[in-house]
Amino acid sequence: MYMAQLLLPLWSNRGERFSKALFEQVREELVKQFGGLTAYTRTPASGVWQEKDGGTVHDEIIVYEVMVENLDETWWNSYRKQLEKRFRQDELVIRAHEIRVL
């Protein structure tokens, strides 16, 4: 079994907050595809990283998680590309961890 985590930015690269409807659409798609999800939305996580030019970027994200029996990397890569367009991101992180339910 796998835990797929989507790290979704709250703000565009221009500093505009994304609409609640955008996150609701993603949530609905994931629930339809996988039967459920866990959303960490109350307290956004803060991220910091350095760009190639040396500049520092700060971001606030929320996390959506889904548990899947099998990891279809082709589907996830396609979905990530769709989300990058919707959220106007050069790169959006979706990561997966192998898990064992106890």
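76 is the number that numbering that gives the first Met the number 0 gives to position 77 of the sequence shown; each next residue is one higher, with no gaps. All C-beta atoms, glycine included, are put in the ideal place defined by N, C-alpha and C.
- In the three-state DSSP reduction, Gln81 falls in the helix class (H, G or I).
- Counting C-beta atoms within 10 angstroms of its own C-beta, Ala3 has 16 or more neighbours from the protein chains shown and is therefore classed as buried.
- Three or more Cβ pairs closer than 8 angstroms define a contact, and the segment 56-72 falls short of that threshold against the segment 83-91.
- In this chain, the alpha helix (DSSP H) harbouring Gln32 covers Lys19 to Phe33.
- Separation of Gly54 and Ser45 (C-alpha to C-alpha, rounded to the nearest whole angstrom) is 17 angstroms.
- Ser11 and Pro43 have their C-alpha atoms roughly 15 angstroms apart.
- Beta-bridge analysis with DSSP links Pro43 to no other residue.
- For Ile93, the pairing in a beta bridge is given by DSSP as Leu5.
- Rounded to the nearest angstrom, the gap between the Cα atoms of His96 and Glu15 is 31 angstroms.
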